[in-house]
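The working numbering puts the first residue of the sequence shown at 86, with every later residue one more than the last.
All C-beta atoms, glycine included, are put in the ideal place defined by N, C-alpha and C.
Only a predicted model underlies this, so the values are computations on that prediction, with no experimental measurement involved.
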Amino acid sequence: MKTASARIAANKRQDFIKEYGVVPISELHRFFIKKKGVLMTKEEVLKKYFGYDSFRAGQETLVNSILSGRDTLGIMPTGAGKSLCYQIPALLMPGITLVISPLISLMKDQVTALNQAGIHAAYLNSSLTQGQYQTALRNLIQGRYKIVYVAPERLLTESFLWAASQIEISMVSVDEAHCISQWGQDFRPSYLKIPDFVEQLQVRPVVSAFTATATAEVREDIAAILGLQDPVTLVTGFDRKNLRFSVKQPADKMAATLAYIMEHPDECGIIYCLTRKTVEEVHNALVGRGFSATRYHAGLSDEERRENQEDFIFDRKEIMVATNAFGMGIDKSNVRYVIHYNMPKNMESYYQEAGRAGRDGLPSECVLFYSGQDVVTNQFFIDRMEAAEGMDEETAALVQERERERLKKMTFYCFTNECLRAYILRYFGEYGDNYCGNCSNCLTQFEEKDVSETARNLIGCVKTARRSYGMTLIVDTVHGSKNSRLLQVGMDQNPYYGTCEEEPIYRLRQILNHLLVEGYLFLTDDKYPVLELTEKSEEILNGSTLLMKTAKEQPKKIKEKKPKKRLLAEEGEVDYDLFEKLRGLRMELAKKDRVPPYLVFTDKTLTQMCQLRPKSKEEMLMVSGVGENKFRKYGEAFLALLNEERQD
86 MKTASARIAA NKRQDFIKEY GVVPISELHR FFIKKKGVLM TKEEVLKKYF GYDSFRAGQE
146 TLVNSILSGR DTLGIMPTGA GKSLCYQIPA LLMPGITLVI SPLISLMKDQ VTALNQAGIH
206 AAYLNSSLTQ GQYQTALRNL IQGRYKIVYV APERLLTESF LWAASQIEIS MVSVDEAHCI
266 SQWGQDFRPS YLKIPDFVEQ LQVRPVVSAF TATATAEVRE DIAAILGLQD PVTLVTGFDR
326 KNLRFSVKQP ADKMAATLAY IMEHPDECGI IYCLTRKTVE EVHNALVGRG FSATRYHAGL
386 SDEERRENQE DFIFDRKEIM VATNAFGMGI DKSNVRYVIH YNMPKNMESY YQEAGRAGRD
446 GLPSECVLFY SGQDVVTNQF FIDRMEAAEG MDEETAALVQ ERERERLKKM TFYCFTNECL
506 RAYILRYFGE YGDNYCGNCS NCLTQFEEKD VSETARNLIG CVKTARRSYG MTLIVDTVHG
566 SKNSRLLQVG MDQNPYYGTC EEEPIYRLRQ ILNHLLVEGY LFLTDDKYPV LELTEKSEEI
626 LNGSTLLMKT AKEQPKKIKE KKPKKRLLAE EGEVDYDLFE KLRGLRMELA KKDRVPPYLV
686 FTDKTLTQMC QLRPKSKEEM LMVSGVGENK FRKYGEAFLA LLNEERQD
């Protein structure tokens, strides 16, 4: 007689066959991805499916780790090729790889790219109808996919758990792994289901995890929560040398934005704003002046967000104006600039958002427009933070406190006179030269000025005030302002009132921020931050000299408007007219196949075609990003166009 558990299992099997119309894969023969009956090497997979001749820094180490059966944690900057580190092993391992991914848009993008490359992949998330979900699950069980992306919310559902028990899972790979840590910038409670899912599998697969932005603390959290067993951990570095960073404090952000876009015609870019209202204002200003722009924020309907996102991804619109709700997992490779219209709340968010520029490795720009109001707005958002699901009050308060500290470090970034790239890298634990030659600070001529007297006045004002005040009131006091707030609290009677009336307000703020960065003053993390003295404050009051780097005043030059004729590539320049013709062909083919243009070929691939001008299939396959499947689909069309150009 069957036991109760055996009867339940038998019934589940019958129900499964009845619902999905297939026998579980446990009763079918296993299969392997082979090339003429022989397993391919990782190098052959890299070339055949992805079109690359060699691995980038760190990729081969991570691929080898997974193939050897080791749990793996990879920290790689955006655009460094994290996805290849789990996709290549997935094709070489005997079973199926499940990729846990946080966003529907991310899954769609990755799956479309894989299918374009000739790799059978699918996703399981809430965007599918019940019928589509059942079909995808049935194909999964029959072994028709090598890689399946799944939302974390689906992992512990009965139907998915049952399906998972009937297939051979070689690897569970966690994308955007920082989402599992409450100390990360995008904590998602649904990610906490991942270790529970892995524990319920009959045979524990290899577990790998990847992210672009994770401090040492977050990396430790990822490994601990996922239960990684003796993992190979590799941090390839956070530097993106093709990105140029700059911080500006324009008096008129809208005018500065419009001027920048006018200087970069026909380029794709993202403009990030802190609030929905600002998104609408910037978007309306751009559209009103004839720019090709769209918008994205949580106040729009799901349908409008989807349409606007597709307009940007498919190059129907050149500029996306958005809140931070847009972007995670967007793999659009030809974003040439990212403008932060407002300062974000922390360095992690900033670097992740800025990193959406130049994913193809070509020169791109990351511009941050700062104003003091940005700090106030971010502080307001932090004060209104709600505790995440399952988080107790004490932990929620600790998270809030850390967010305030992160905001402070983000603010310091906007005022440092040191190398911006070095500041970012130090934040993530990397140290090197304090000169990159590719940021606004390194490219600006600086001179050191003695600001000791002004610094003494500011610190003295803080020390002699009847109680602690914020930055604005202290600056207004030494500047000799007569605003009502200052007079109301009696700061016009302070001995340092009006001692710096000749200094412009912006310079007083710069010096005050320099005092904060150097530790001569401290700004509290309270709801209404106030200035306090530190142990170093007395050094200035006792006569120590304080030097501060300031930008030299540059004579204004009238820029001559020149037509854009050449395109800068990684090495040298390419013919802009030819590049535009290749882009036009790419758009035609993309429309025909209903895929984003960059999934046909990236800008980097097109620039190499311009430089190498291949004449045959063999030469075309030497172009980075042209694999066999891509050539089979598009290669002849591009060869024909290049041949026409040669004849002309």
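Determine the direct distance from the alpha carbon of residue j to that of residue i, and round the result to whole angstroms.
i, j, result
"ASN526", "VAL332", "8 Å"
"TYR498", "GLN595", "12 Å"
"LYS644", "ALA341", "Per-residue confidence for LYS644 stands at a pLDDT of 46, beneath the threshold of 50, marking its modelled position as unreliable; no derived number is given."
"GLY440", "CYS546", "41 Å"
"LEU328", "GLY412", "17 Å"
"LYS647", "LEU209", "Caution applies to LYS647, whose pLDDT of 44 falls short of 50 and renders its modelled position unreliable; the model cannot decide the point."
"PHE607", "GLU623", "13 Å"
"SER255", "ALA481", "37 Å"
"TYR134", "PRO174", "13 Å"
"GLU603", "CYS521", "22 Å"
"TYR719", "VAL685", "8 Å"
"ALA336", "PHE245", "55 Å"
"SER190", "LEU601", "41 Å"
"LEU152", "PRO290", "12 Å"
"ALA262", "ILE160", "9 Å"
"SER212", "SER566", "57 Å"
What is the DSSP secondary structure of residue i, reduced to helix, strand or coil?
i, result
"PRO109", "Any reading at PRO109 needs caution, since the residue's pLDDT is 41, under 50, leaving its predicted position unreliable; the model's value is listed next. Here PRO109 sits in coil by DSSP."
"ILE185", "strand"
"ASP315", "coil"
"ALA550", "coil"
"TYR683", "helix"
"ALA722", "helix"
"THR480", "helix"
"MET178", "coil"
"VAL615", "coil"
"ALA442", "coil"
"ILE404", "strand"
"LEU632", "strand"
"SER258", "strand"
"VAL625", "Just to set this straight, residue 625 is Ile in the shown sequence, not Val. Reduced to three states, the DSSP call for ILE625 is helix."
"ARG651", "Bear in mind that a pLDDT of 43 at ARG651, under 50, signals an unreliable position, so the model cannot answer this."
"THR157", "strand"
"LYS121", "The pLDDT assigned to LYS121 is 40, lower than 50, so where the model puts this residue is not dependable, and the model offers no usable value."
"ARG390", "helix"
"GLU533", "strand"
"VAL420", "strand"
Can you tell me where the alpha helix (DSSP H) with residue i in it begins and where it stops?
i, result
"HIS205", "No alpha helix (DSSP H) contains HIS205, which DSSP labels as neither H nor E."
"THR242", "Element bounds for THR242: n/a, residue is neither H nor E."
"SER569", "569-573"
"ASP138", "Taken as a continuous stretch (DSSP letters only), ASP138 belongs to no alpha helix (DSSP H), as it is neither H nor E."
"ILE509", "505-512"
"LYS278", "278-285"
Considering only the beta carbon of each residue, do residue i and residue j sit closer than 8 Å?
i, j, result
"ALA550", "TYR605", "no"
"ILE171", "ALA207", "Inspection of the sequence shows that residue 171 is occupied by Tyr rather than by Ile. The answer is no: Cβ separation not under 8 Å."
"LEU447", "THR692", "yes"
"LEU453", "MET428", "yes"
"THR635", "GLU532", "yes"
"PHE500", "HIS599", "yes"
"ILE415", "ASP194", "yes"
"VAL257", "VAL303", "no"
"TYR581", "VAL563", "yes"
"ALA410", "ALA383", "yes"
"LEU277", "GLY143", "no"
"ALA297", "PRO187", "no"
"LEU667", "CYS695", "yes"
I think residue i touches residue j, with their Cβ atoms under 8 Å apart; what is that distance to the nearest whole Å?
i, j, result
"LEU241", "ASP281", "6 Å"
"TYR357", "TYR426", "6 Å"
"SER266", "ILE232", "Contact flag wrong, Cβ pair sits at about 25 Å."
"GLY136", "LYS715", "6 Å"
"PRO316", "ARG487", "No, PRO316 and ARG487 are not in contact; Cβ-Cβ is about 25 Å, not under 8 Å."
"VAL283", "CYS353", "With 8 Å as the limit, VAL283 and CYS353 do not qualify as a contact, their Cβ atoms being about 39 Å apart."
"SER537", "LEU626", "Actually they are not in contact, since the Cβ atoms of SER537 and LEU626 sit about 10 Å apart, beyond 8 Å."
Which residue marks the beginning of the beta strand (DSSP E) containing residue i, and which one marks its end?
i, result
"THR296", "291-296"
"GLU450", "449-454"
"SER591", "Note on residue identity: the sequence assigns Tyr, not Ser, to residue 591. Per DSSP, TYR591 belongs to no beta strand (DSSP E); it is in the alpha helix (DSSP H), 590-602."
"ALA378", "378-381"
"TYR345", "That residue, TYR345, is in no beta strand (DSSP E); its alpha helix (DSSP H) goes 338-348."
"GLU658", "658-660"
"TYR357", "353-357"
"LEU691", "Premise fails: LEU691 lies in the alpha helix (DSSP H), 688-697, not in any beta strand (DSSP E)."
Any heavy atom of the ligand COA closer than 7 Å to the beta-carbon of residue i?
i, result
"GLY457", "Inclusion of the ligand COA in the displayed structure is not the case, the ligand content being empty and no account of it being possible."
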